[in-house]
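So the structure is just underneath, and the comments pick up after that.
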Amino acid sequence: MYQFEVASGSKPDLYRDILSAIDAITAGEPDAVANMANAAAILWEYLPDLNWAGFYRNLGDELVLGPFMGKAACIRIPLGKGVCGAAAAERATQLVEDVLAFPGHIACDAASRSELVVPIVDGDRVIGVIDLDSPSPARFDAEDAAGVEAIARMLSDRVNR
Numbered sequence: 005m006y007q008f009e010v011a012s013g014s015k016p017d018l019y020r021d022i023l024s025a026i027d028a029i030t031a032g033e034p035d036a037v038a039n040m041a042n043a044a045a046i047l048w049e050y051l052p053d054l055n056w057a058g059f060y061r062n063l064g065d066e067l068v069l070g071p072f073m074g075k076a077a078c079i080r081i082p083l084g085k086g087v088c089g090a091a092a093a094e095r096a097t098q099l100v101e102d103v104l105a106f107p108g109h110i111a112c113d114a115a116s117r118s119e120l121v122v123p124i125v126d127g128d129r130v131i132g133v134i135d136l137d138s139p140s141p142a143r144f145d146a147e148d149a150a151g152v153e154a155i156a157r158m159l160s161d162r163v164n165r
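Using this note's numbering, you'd call the opening residue of the sequence shown number 5 and step up by one each time.
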């Protein structure tokens with residue numbers, strides 16, 4: 005059984021503790037799926053106001069669903085399509101305050117209103133994305149983006165095996 009001390013104070017403190025928990029549970033584990041599954045569970049447990057938290061893996065010209073928490077999701081997303089596909093194709097974080105206003109948004113859960121997608125990059129290759137959805141408009145901000153980007157950097161060699 006794992007227990008983590010995660011602060012409920014400021015966002016930087018929250019993300020520091022989430023990063024530490026994900027680091028502790030993935031360090032030394034060679035299985036990418038296990039590491040994505042545990043990271044998704046920690047994000048789901050400790051980040052408030054989410055309706056989906058998980059991973060999409062880059063398999064050539066499309067993103068394929070990886071471990072996640074939330075409702076059943078879209079299985080395959082072409083690179084460049086939707087928020088996840090844009091993050092992977094552009095190799096850039098996508099912070100979307102209103103998914104209904106995002107051109108080409110792919111609605112896997114009609115309840116989602118905002119989304120944060122961060123690419124996971126290993127060297128010159130995007131190996132996947134971390135995807136967070138919320139039922140609240142403008143749920144995510146620059147502090148969330150910075151926190152999840154730090155998690156993606158730390159996980160880049162742990163989900164690429």
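Positions of the beta carbon are idealized from the N, C-alpha and C atoms, including for glycine.
Note that the structure is predicted; figures quoted are calculated from it, not measured.
Please name the residue in the options whose C-alpha comes closest to that of residue i.
| i | options | result |
| --- | --- | --- |
| D148 | G86, D27, E101 | E101 |
| D128 | Y6, A11, G108, D161 | D161 |
| I26 | G13, C78, Q7, P123 | Q7 |
| G74 | A11, L159, R95, S116 | S116 |
| Y50 | L120, F106, D21, I124 | D21 |
| P82 | V68, S140, A41, G151 | V68 |
| A76 | D113, E9, V10 | D113 |
Is the beta carbon of residue i less than 8 Å from the beta carbon of residue j?
| i | j | result |
| --- | --- | --- |
| N164 | I131 | yes |
| L136 | A57 | yes |
| A62 | A92 | Per the sequence shown, the amino acid found at residue 62 is Asn instead of Ala. Yes; because the gap between Cβ atoms is below 8 Å, this pair is in contact. |
| D53 | R143 | yes |
| N39 | L159 | yes |
| I124 | L23 | no |
Apart from the five residues just before and just after residue i, which ones in its own chain have a Cβ nearer than 7 Å to its Cβ?
| i | result |
| --- | --- |
| E153 | T97, V122 |
| E109 | The amino acid occupying residue 109 in the given sequence is His; Glu does not appear at that position. If we look at H109 and ignore the five residues flanking it on each side, its Cβ neighbours are G86, V87, V103. |
| E66 | R80, I81, P82, L83 |
From the DSSP output, in three-state form, read off residue i for me.
| i | result |
| --- | --- |
| R95 | coil |
| L51 | coil |
| E147 | helix |
| P107 | coil |
| R157 | helix |
State buried or exposed for residue i, treating a residue as buried only when at least 16 other CB atoms are found within 10 Å of its CB.
| i | result |
| --- | --- |
| G13 | exposed |
| P71 | buried |
| L18 | buried |
| G89 | buried |
| G151 | buried |
Beta-carbon within less than 6 Å of residue i's beta-carbon, same chain only, minus the 5 sequence neighbours each way: which residues are those?
| i | result |
| --- | --- |
| T30 | N39, R162 |
| S138 | D53, L54, S118 |
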